[in-house]
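If you're matching positions, the first sequence starts at 22 in the working numbering and goes up one per residue. What follows is a short report on a single structure.
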Amino acid sequence: MNSSVRVRFAPSPTGYLHIGGARTALINWLFARQQGGTFILRIEDTDLERSTQEAVETILGGLKWLGLGWDEGPFYQTHSLEEHKAVAYKLLESGHAYKSYETKEELDALRKAAEEAKVPFTFRGKQLTAEEEAERSAAGIPYVIRFKVPREEGTVTFTDLVYGEQTKRYADIEDFVLLRGDGTPLYLLSNVADDIAQRVTHVIRGQDGLSNTPKQTLIYQALGVPVPLFAHLPLILDSKRTKLSKRKHGAAATVGFYEDAGFLPEAFLNFIALLGWSPGDDREILSLEEMRDVFTFDRMSHTNAIFNLAPADPRNFTDPKAIWMNSEYIKTMPIDQLLPRLKPYLEKAGLWRDAFEGDEAPWFANTVNVIRERFRTLMDFTTYGRPYFSDEFEFDPEAVKKNFKDAALKDLFPALADRLEALTEFTHETVEAALRQLAEERDVKAGLLINGSRTALTGQSVGPSMFDVFTTIGQSRVVKRLRDAVSQIP
RNA sequence: GCCGCUAUGGUGUAAUCGGUUAACACGCCGCCCUCUCACGGCGGAGAGUACGGGUUCGAGCCCCGUUAGCGGUACCA
């Protein structure tokens, strides 16, 4: 930490870490790292009804998976409620806030009347005399503490790092509530109080906070403390342009879904970074370090981006570009970095063997290298990749139909098995020579044997170049599978 | 209702101080490669920049209005 920059990610633990939250965390992280600053994690759990420890765990787990480590925290907002109240009372003492005795019903009626009259409703509480005040407090009448917006003509102005200078007239800001009737603080206050206490210098959050910023700025000013810089980020919406939510979109709106689906965190981060930001040139594939080095707020878009959660194309279970990006990472990532990422997925599918990290390590690396070329998620290694790691795999009926339709294969498979079994060296070249020779002798196309073998060895009709498949699966398993496949021929 | 933010192909973005035929990527289509499917290579369709005015020699970029979307307008966060 060699700079005074302090930023925070402040999620509410009311659900899962969703995509928008992940991007907010990412931008905070990028900026902190770029500036040599501090990245703080704060859990805004003041909504007791909806906050759960489980949600906290999910958020921490999500950040960990993404590799967005924090330097301070997690701080829990509920742990400093007393400090937040103290801030409200300080404002009360300095005359920047007051006790307001209006009931909810009275306010509702006022609001309704204003709306019907089509005039702006900007609540201004009654100015009570000390006498009246004493009277009410003696009678134990409940009150809330409201911020007293300056009564004179004037504006609040702040410069948003993304949206530019923002100005709002005092007259358009109502006297908002700081403390409820029961004395508990509201979000607007707690948020500011924590940001001050944690010495946050840059508030980087979703664009939905933009409208609240004038009010929060007023609080900073009334307290006589420096106002942080704000950077509001455009929102991430679904294809119907509504906000992403677990309730509406299910798991696909959460970060955990992408981990389960076999996304590489690097690819996921890369994709969401490009939702609302670009490096300014034509680069699309950027590592975290590259993004950190070139990130600037002024290259942030002002427009909400659409994340295509569930495109019409059945081949794509989420945004096609996200899948494409993941496949790019799978294909090009250094193999020794990819292998450890694969382990948990293979373990979960029951395909992992410890030998992959021991005796069979070279074979494992080579096999992954051969098959990754056409995979799009890490999960593909457990489905399409299964025949390479296990002898128990299914035959795809379509593949059988397509590649086993020639009955001659009933004789050809055992014959090929015999030839391959006899090979003293089992290489790309020797296998190809044996196969082509057999095809020639029997006067069949090599393609018949090649495509038939693909299905015999993998159960599938698609896959890597066949001679690579022979050698990765290995002589003895190839021979056995060719012989066993005869029973599958209709 | 009121206050504010936004508006470039289906999607994500680009387009120096306004300056030729609005660029790139994903997706889609076709061709090539080929033992299959991908990858890769080549090519194509797809926006005249929400709409309407204005300023200007010239507007996607500036101004005004309209519309639409989003946010705020809570003793929610």
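All residues carry an ideal CB built from backbone N, CA and C; glycine is no exception.
Inter-stretch contact (C-beta, 8 Å, three-pair minimum) for the stretch 395-409 and the stretch 361-377: yes
Supposed contact pair F338 and A282 - C-beta distance, whole angstroms, cut 8 Å: Locating residue 282 in the first sequence gives position 261, counting from the first residue. Locating residue 338 in the first sequence gives position 317, counting from the first residue. Sure, about 7 Å apart at Cβ, within 8 Å.
From I327, F278, K169, residue whose alpha carbon lies closest to that of W86: Looking up residue 86 in the first sequence gives position 65. Selected option, being the one with the closest Cα: F278.
According to DSSP, residues forming a beta bridge with I225: If you number the first sequence from 1, residue 225 lands on position 204. A252.
In chain order, each beta strand (DSSP E) run of at least 3 residues that lies wholly inside the stretch 392-478: none
Span separating the alpha-carbon of T35 from that of A272: For the purposes of this step, residue 35 is taken as the residue at position 14 of the first sequence. For the purposes of this step, residue 272 is taken as the residue at position 251 of the first sequence. Taking the straight line joining both Cα atoms gives about 14 Å.
Buried versus exposed, by CB contacts within 10 Å (16 or more), T234: Sequence index remark: in the first sequence, residue 234 carries index 213 (1-based). Under this definition T234 is a buried residue.
Where H270 sits in the DSSP three-state scheme: Translated into the one-based positions of the first sequence, residue 270 becomes position 249. Here H270 sits in helix by DSSP.
Start-to-end residues for the beta strand (DSSP E) that takes in V296: Locating residue 296 in the first sequence gives position 275, counting from the first residue. The sequence given here places Leu at residue 296; Val does not occur at that position. Segment: none, L296 is in no beta strand (DSSP E) and carries neither H nor E.
Pick from V421, R397, D432, L209 that is closest to S348, judged by C-alpha positions: Looking up residue 348 in the first sequence gives position 327. Nearest of V421, R397, D432, L209 to S348, Cα basis: R397.
F278, enclosing alpha helix (DSSP H) - first and last residue: On the first sequence, residue 278 is found 257 positions in, with the first residue counted as 1. Unbroken alpha helix (DSSP H) run through F278: 276-281.
Proximity of K120 and I166 at Cβ, strictly below 8 Å: Mapped onto the first sequence, residue 120 falls at position 99. Mapped onto the first sequence, residue 166 falls at position 145. A contact, by the Cβ cut-off of 8 Å.
Outcome for P286 when other beta-carbon atoms lying within 10 angstroms are tallied against a minimum of 16: What you label residue 286 is simply residue 265 of the first sequence in a count that begins at 1. Under this definition P286 is a buried residue.
Backbone secondary structure at L113 - three-state DSSP: The residue you call residue 113 lines up with position 92 of the first sequence. In the structure shown, L113 sits in a helix (DSSP, three-state: H, G or I).
T178 (DSSP reduced to helix, strand or coil): Mapped onto the first sequence, residue 178 falls at position 157. Looking at T178 - three-state DSSP - the assignment turns out to be strand.
Reduced DSSP category for Q187 - H, G, I as helix; E, B as strand; rest coil: Your numbering for residue 187 matches position 166 in the first sequence. Note: Q187 maps to strand in three-state DSSP.
Of the listed residues D66, Y191, G185, E126, nearest to P141 (C-alpha basis): As a first step, residue 141 must be located in the first sequence, where it is residue number 120. Taking only the C-alpha atoms, the option nearest P141 is Y191.
Proximity winner among D181, T143, E381, relative to P249 (alpha-carbon distances): Translated into the one-based positions of the first sequence, residue 249 becomes position 228. Nearest option by C-alpha distance: D181.
Close Cβ partners of T275 (< 7 Å) along its chain, the five nearest in sequence each way excluded: Residue numbering aside, residue 275 sits at position 254 when the first sequence is read from its first letter. The residues are Y37, L38, H39, K267.
Neighbourhood of A438 by C-beta, 6 Å cutoff - its chain only, sequence neighbours within 5 removed: As a first step, residue 438 must be located in the first sequence, where it is residue number 417. Closer than 6 Å at Cβ, skipping near neighbours: V500, L503, R504.
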